[in-house]
Amino acid sequence: MSTDITSAQPSAALADPTPGTAPRGPRGGRGARRGAQGRRWPSALSVVVLIVLLGLIAGPVATVFFGAFQSKAPGMPNNGFSLDAIEKVYASTAYVKSLVGTLLMSLAVAALSVVVGAVAAWVLARTDVRWRGLLELGVIIPLFMSPFVGAVAWSMLAAPHSGMINVNLRWMLHTDRTFVNITSIPGLTFVLLLYYVPYAYLLVSAALKNVDPSLEEASYMNGRGVIATALKVTLPVVRPSLAAAFFFVAVLATGVFAVPQVLNFNSFSPLAVGVYRSMTVFPSNPPVGAAIGTLMFWFTLAGIYFYRRSIRNGQRYVTIGARGTRPRLVRLGWKKWPVMGAFGLYGLLATVLPYAALALMSLTPYSITDFRKMSLGLDNFVSVATTPDVVHSFENSLWLGVLVPTIAVVLGLAVAYVVVRERGRLGAVVDYVSTFPIAVPGIVFATGIVWLYVRTPMYATLTLLVIALVGVYMPHASRFATTGLMQIDRSLEEAGRMSGAGKFRVIRTVSFPLVRPSLLSAWILLFVFSMREVNETVVIAGPNSRPLSVLAWDYVQAGSLREAAVVGLVLTLVMLAGVLIARFVLRVRLDSSNL
Amino acid sequence: MRFLRQTGVVGLAAATLVALAACGSGGSASDSAPATAPSDLVSKAKSEGQITLYGDANQDSLQKWTQGFTDKYGIKVQVLRLAGSQLFQRFAQEESAKQAQADVFSVTDYASLKQSADQGWLAKYTPKDAGLLPADLGEAGYFYPLQNTSNQTVVYNTEKLTPAEIQEVRSDPVAAVQDPKFKGRIGVNYPQSSQQAAAMWYQWTDGSQKSKYGWDAMKKIAANKPVFASSPDLINDVISGEIAVGVGITDSLAAPSVAQGAPIQWVYPDPTVTSAFGAGVVSNAPHPYAARLFLEWATTPEADNLYSKITQTKPINKQSKDSRTFLKESWYAEPKQAWGDFITDKTFLDATGSSGDYYDTWNKALGYSG
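Same order as they appear, the protein sequences are chains A and B. Quick note on the UniProt record's numbering: the first sequence kicks off at 1 and runs consecutively. Quick note on the UniProt record's numbering: the second sequence kicks off at 1 and runs consecutively.
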């Protein structure tokens with residue numbers, strides 16, 4: 001391994017980010033806060049960060065658990081302690097099928113996403129494939145569409161009887177067969193896959209970029225071929241990152257309710273859909289929803305445990321060498337055509353077809369999928385533009401898009417500072433609590449937020465949405481900041497402290513500028529997420545705080561799919577505009593290099 | 001009736017308490033709202049400038065209808081449209097926490113409105129034109145049947161059925177959807193989507209049509225592998241041809257699409273199920289004057305005419321005109337009988353209430369995953 005003296009310290013920090021178990025390096029003592037008698041005291045910063053995190057994250061989760069033991073939604077009249085909901089969910093077979101189906105589906109989606117994402121990452125990082133930038137953009141562009149809007153587009157394209165693909169191929173080929181069926185289990189898996197491949201790609205690609213290429217070089221030198229090197233050297237080194245990506249996607253896919261709900265999926269009822277229906281469908285039973293939420297929680301918690309173990313192992317292999325060895329790029333030769341074809345196919349399925357379908361939908365007066373009968377017009381655009389809520393929703397979206405990433409990133413930096421620099425037992429707790437929200441499905445978390453805040457003036461305001469989303473995105477923000485901070489030699493900050501600067505001044509003038517690229521990447525990713533978010537916002541938003549994504553969802557629920565398509569298109573344009581501004585004004589790219 | 005009167009009194013007392021509480025907590029406008037003279041009401045409402053309407057009718061229809069109010073008074077109407085039970089859950093939670101977001105609450109589910117009035121969540125307010133509306137569809141002083149009645153129908157796509165099949169559906173739609181020839185071509189609105197939909201199914205399985213259809217009919221429908229969807233999704237499925245026949249779509253939802261040229265028609269099951277959207281002013285409404293002015297406007301024949309034109313439904317205001325265009329269509333036939341008393345039918349309410357097992361039985365019989 002090619003490490004040199006200057007990189008020894010950061011890689012020691014990288015080796016184990018969980019401070020509680022970290023073997024202390026030679027300078028560990030100097031980094032710790034000690035009281036007058038030499039005892040460790042948690043710093044004021046770490047205490048404040050922990051309190052904020054507990055409020056943001058533990059509060060709503062605890063409320064959901066409380067709600068599961070009530071007879072009605074917390075806060076309703078004649079409400080009291082009851083075990084009915086818990087019994088219905090845990091002590092009956094009613095939810096076994098849902099549970100098994102949900103777990104199998106999440107694991108399948110995660111496995112496929114990781115395979116596709118990892119192959120794409122390997123091709124882009126290790127071969128001489130052309131138009132690398134364009135292809136990478138093609139892989140991550142599905143992030144710019146709300147998955148449920150993508151689901152609307154795909155049900156328009158591939159509904160078994162009336163989907164555009166089926167209808168038009170039938171008359172073109174003079175047949176009555178059904179070519180594709182999106183409402184099936186493979187169909188649901190396919191739509192989810194399109195939206196989770198980018199996550200897997202980003203996580204694996206980041207790991208590949210950090211792997212020391214000299215290992216692969218040594219393998220080539222010893223006469224191993226491309227495939228053998230990829231399988232025997234590269235794969236084992238990035239395996240922990242693959243595992244991390246796998247568990248990350250599995251946990252996220254467990255919590256998704258909007259996609260199966262839109263696809264009108266009836267093969268089994270995913271647990272997250274069960275939560276949504278318990279809260280919404282007549283006669284609604286919120287405690288049962290909360291109880292299902294707690295049931296999901298145990299499984300996602302297990303997923304998070306494995307995820308954290310994997311990233312810890314992943315860091316063990318990472319070396320940042322000072323000697324810049326570029327990886328040897330595999331020459332693809334004629335094989336570059338099928339490879340580019342595969343990227344093209346992915347782009348077609350994940351981006352071109354859904355947007356084409358949305359564009360067509362937004363122009364038709366009612367559901368028309370037969371190209372021979374198309375009649376187009378701008379009525380839907382007029383209808384959306386004249387809706388009084390649209391401008392207001394647009395403003396709400398912009399506020400969310402600015403406030404959520406900004407606050408989350410600042411708090412993420414504080415978390416990272418406590419975790420990486422101050423360590424200690426409190427640091428470990430902070431680290432754990434900040435990863436926690438990934439384990440809580442969005443709709444469950446949102447329900448907790450509503451119950452917790454319904455009696456406060458913040459209820460149904462934009463402020464509450466900001467609070468909720470900052471909590472939800474804390475893991476993302478702190479992961480970026482932690483990775484960024486770990487790569488910076490602590491001696492730079494210590495030099496600041498030695499020269500008499502206080503902690504906050506050091507953070508502001510030394511740490512922050514150095515981790516700025518990581519933070520900006522986090523910012524831009526969270527900007528996109530908060531713009532398209534619907535799993536949480538749909539439950540929390542009030543009539544005056546609805547962002548565009550919720551407006552689109554409300555249109556979908558009301559059966560106004562064409563208006564939803566219009567809003568979905570507008571939302572994508574806003575996100576693209578934000579990302580382009582970031583790219584050209586702030587010079588931040590949304591890619592894997594800072595993950 | 002005595003029960004109604006008693007609960008009404010309790011409701012009024014509760015409403016007064018809530019109003020007092022609202023005044024106490026600094027609600028500046030709600031202090032004397034109900035007793036304002038009409039001219040005063042308009043100016044005070046205009047100075048509030050907006051209202052939020054919670055409704056479960058079709059989103060487009062609500063938007064277009066309330067635009068009529070905005071055009072007349074310059075007061076913006078923000079519509080929050082959710083499915084009835086979701087909306088009521090939200091409304092109840094907000095009202096229990098004294099966090100009123102809505103100014104006007106409007107759903108088709110009578111039980112939700114009744115409970116809202118009983119809990120004191122709806123303000124006591126009688127608009128000037130209240131007498132023009134049918135008294136049995138509302139609760140005088142609390143909520144009124146503002147939007148028209150709607151009836152459950154079976155909608156079919158004329159391009160997806162042969163003339164003989166159309167004939168079969170029209171003669172007895174409930175028998176037709178049991179016919180194996182429609183396997184894979186039908187969709188149903190589940191009873192959980194609204195009280196009215198539940199009443200429709202209940203009538204066939206346990207109610208007046210029990211001997212004609214009963215649970216056996218449900219098994220035959222299940223054998224035809226129906227698509228399960230809420231009524232807004234179901235109507236889209238019929239229009240796009242995803243399914244040929246959709247069971248449990250209200251005429252108020254289907255009619256606007258017919259007007260736009262969608263290839264659909266409908267037939268009423270006999271008897272059909274009917275109900276009206278009721279609406280009332282929320283007792284601690286953030287915009288109490290504008291909310292009351294809205295109720296005044298909404299009860300006028302003018303507003304009913306507008307709603308009738310948009311949704312193509314039969315007007316209920318004594319002085320408004322019937323402007324349904326499909327009445328002249330050759331395929332259209334008026335419903336013969338309609339069941340509207342389900343809102344007070346005790347056996348039905350028990351079976352579909354929180355301790356009843358109607359939904360579980362239905363899910364099992366139809367093969368719906370819930």
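All C-beta atoms in this analysis are idealised placements derived from N, C-alpha and C, irrespective of residue type, glycine included.
Output needed for residue i: all residues of its chain with C-beta closer than 7 angstroms, excluding positions within five of it in sequence on either side, in chain order.
{"i": "A:ARG562", "result": "MET361, SER362, THR364 and ASN380"}
{"i": "A:SER518", "result": "PHE480, ALA481, THR483, GLY484 and ASN594"}
{"i": "A:ILE540", "result": "ALA446, ILE449, VAL450, LEU464, LEU465 and ALA468"}
{"i": "B:ALA365", "result": "TRP215, MET218, LYS219 and ALA222"}
{"i": "A:GLU216", "result": "THR229, VAL233, THR234, PRO327 and ARG328"}
{"i": "B:PHE69", "result": "ILE75, VAL77, PHE294 and TRP297"}
Since residue i meets chain A, which of its residues come closer than 7 angstroms, beta carbon to beta carbon?
{"i": "B:ILE239", "result": "TYR366 and SER367"}
{"i": "B:SER257", "result": "TYR366"}
At a CB-CB cut-off below 9 angstroms, which residues of chain B make contact with residue i?
{"i": "A:GLY75", "result": "GLN93, SER96 and ALA97"}
{"i": "A:HIS161", "result": "LYS160, GLY184, ARG185, ASP237, SER240, GLY241, GLU242, ILE243 and ALA244"}
{"i": "A:VAL109", "result": "What A:VAL109 touches in chain B: nothing, since even the nearest Cβ is about 19 angstroms away."}
{"i": "A:TYR459", "result": "GLU94, ALA97, GLN99 and GLN101"}
CB-CB under 6 angstroms to residue i, same chain, minus the five flanking residues each way: which ones, in chain order?
{"i": "B:GLY246", "result": "VAL155, GLY187, LEU234 and VAL238"}
{"i": "B:GLY141", "result": "LYS124 and THR126"}
{"i": "B:LYS336", "result": "ASP270"}
{"i": "A:PRO26", "result": "Confidence is the limiting factor: at A:PRO26 the pLDDT is only 38, short of 50, which leaves the residue's position unreliable and the question unanswerable from this model."}
{"i": "A:TRP171", "result": "none"}
{"i": "A:GLY255", "result": "ALA272, PRO441 and GLY442"}
{"i": "A:PHE436", "result": "ILE57"}
Once the 5 residues before and after residue i are set aside, which same chain residues still bring their CB inside 8 angstroms of it?
{"i": "A:LEU332", "result": "THR127, ASP128, VAL129 and VAL339"}
{"i": "A:LEU526", "result": "VAL404, PRO405, ALA408, VAL409, TYR473, HIS476 and ALA477"}
{"i": "B:ALA29", "result": "Any reading at B:ALA29 must be qualified, since the residue scores a pLDDT of 38, below 50, and its modelled position is unreliable; the value itself is stated next. Excluding positions up to five away in sequence, the list reads LYS44, GLU48, HIS287, PRO288 and TYR289."}
{"i": "A:SER46", "result": "VAL418, GLU422, GLY424, LEU426, GLY427 and VAL430"}
Can you pull the chain A residues whose beta carbon is under 9 angstroms from the beta carbon of residue i, in chain order?
{"i": "B:LEU306", "result": "Chain A residues near B:LEU306: none, gap ~16 angstroms exceeds 9 angstroms."}
{"i": "residue 374 of chain B", "result": "Because chain B spans 1 through 370 in this model, residue 374 of chain B falls outside it and cannot be assessed."}
{"i": "B:LEU82", "result": "THR280, ASP554, GLN557 and ALA558"}
{"i": "B:PHE228", "result": "ASN264 and ASN266"}
Residue i versus chain B: which residues are under 8 angstroms apart at the beta carbon?
{"i": "A:TYR555", "result": "GLN59"}
{"i": "A:VAL251", "result": "The premise fails here: A:VAL251 is roughly 23 angstroms from chain B at the closest Cβ pair, so nothing lies under 8 angstroms."}
Chain B partners of residue i, CB-CB under 7 angstroms?
{"i": "A:LEU83", "result": "What A:LEU83 touches in chain B: nothing, since even the nearest Cβ is about 16 angstroms away."}
{"i": "A:PHE268", "result": "SER369"}
{"i": "A:THR351", "result": "Residues of chain B passing the Cβ test: none, with the nearest at roughly 23 angstroms."}
Kindly list, in the order they appear in chain A, the residues whose Cβ is closer than 8 angstroms to that of residue i.
{"i": "B:THR52", "result": "PRO543 and ASN544"}
{"i": "B:PRO232", "result": "GLN557, ALA558, GLY559 and SER560"}
{"i": "B:LYS364", "result": "Near B:LYS364 there are no residues of chain A at all, since even the closest Cβ is about 11 angstroms away, more than 8 angstroms."}
{"i": "B:SER85", "result": "THR280, VAL281, PHE282, PRO283 and SER284"}
{"i": "B:ALA285", "result": "By Cβ distance, chain A contributes nothing, its closest Cβ being about 12 angstroms from B:ALA285, past 8 angstroms."}
Can you round the beta-carbon distance between residue i and residue j to whole angstroms, since I take them to be within the 8 angstroms contact cut?
{"i": "B:LYS72", "j": "B:TRP297", "result": "7 angstroms"}
{"i": "B:SER320", "j": "A:PHE268", "result": "Rounded, the Cβ-Cβ distance is 48 angstroms, inconsistent with contact."}
{"i": "B:PRO263", "j": "B:THR158", "result": "5 angstroms"}
{"i": "B:PHE277", "j": "B:LEU80", "result": "Their Cβ separation, rounded to whole angstroms, is 15 angstroms, which puts B:PHE277 and B:LEU80 out of contact at 8 angstroms."}
List in chain order: all unbroken beta strand (DSSP E) runs of 3+ residues lying wholly within the region 97-165 of chain B. 104-107 and 149-157
Within 8 angstroms, do at least three Cβ pairs link the region 403-419 of chain A to the region 464-472 of chain A? yes
Could you pull out every unbroken alpha helix (DSSP H) segment of at least 4 residues lying fully inside the region 210-265 of chain A, listed in chain order? Under the rule that a run must span 4 or more residues, the alpha helix (DSSP H) segments found entirely inside the region 210-265 of chain A read 213-221, 226-229, 235-254 and 258-263.
Taking contact to mean at least 3 C-beta pairs separated by less than 8 angstroms, is the region 518-537 of chain A in contact with the region 44-61 of chain B? no
Complete alpha helix (DSSP H) runs within the region 297-373 of chain A (minimum length 4 residues, chain order): 336-347 and 353-363
What ranges does the alpha helix (DSSP H) occupy inside the region 75-150 of chain A, keeping only unbroken runs of at least 4 residues that lie completely in it? 84-90, 96-126 and 132-140
Give a yes or no on contact between the region 191-207 of chain A and the region 238-248 of chain A, applying the rule of three or more CB pairs nearer than 8 angstroms. yes
If contact is defined by three or more beta carbon pairs under 8 angstroms, each pair taking one atom from either stretch, is the region 246-265 of chain A in contact with the region 181-199 of chain A? Contact check between the region 181-199 of chain A and the region 246-265 of chain A: three or more CB pairs, one atom from each, fall below 8 angstroms, which counts as touching.
May I ask you to verify whether the region 76-96 of chain B touches the region 125-139 of chain B, counting CB pairs closer than 8 angstroms and requiring at least 3? Segments in contact, no.
Cβ contact check for the region 414-434 of chain A and the region 573-580 of chain A: 3 or more pairs under 8 angstroms: no
3 or more residues per run - each beta strand (DSSP E) lying fully within the region 483-567 of chain A: none
Across the region 94-108 of chain A and the region 256-275 of chain A, are there enough close Cβ pairs to call them in contact, namely three or more that are closer than 8 angstroms? yes
Which ranges would you report for the beta strand (DSSP E) in the region 213-288 of chain B if only whole runs of at least 3 residues count? 227-229, 245-250, 264-267, 272-276 and 278-281
Segments assigned alpha helix (DSSP H), at least 4 residues, entirely inside the region 392-475 of chain A: 424-435 and 442-453
Are at least three pairs of beta-carbons, each pair with one atom in the region 218-225 of chain A and one in the region 152-163 of chain A, less than 8 angstroms apart? no
Ignoring anything shorter than 4 residues, give me the alpha helix (DSSP H) runs that lie fully in the region 33-72 of chain A, in order along the chain. 44-53 and 59-68
I want to know whether the region 350-359 of chain A touches the region 145-161 of chain A - three or more CB-CB distances under 8 angstroms. yes
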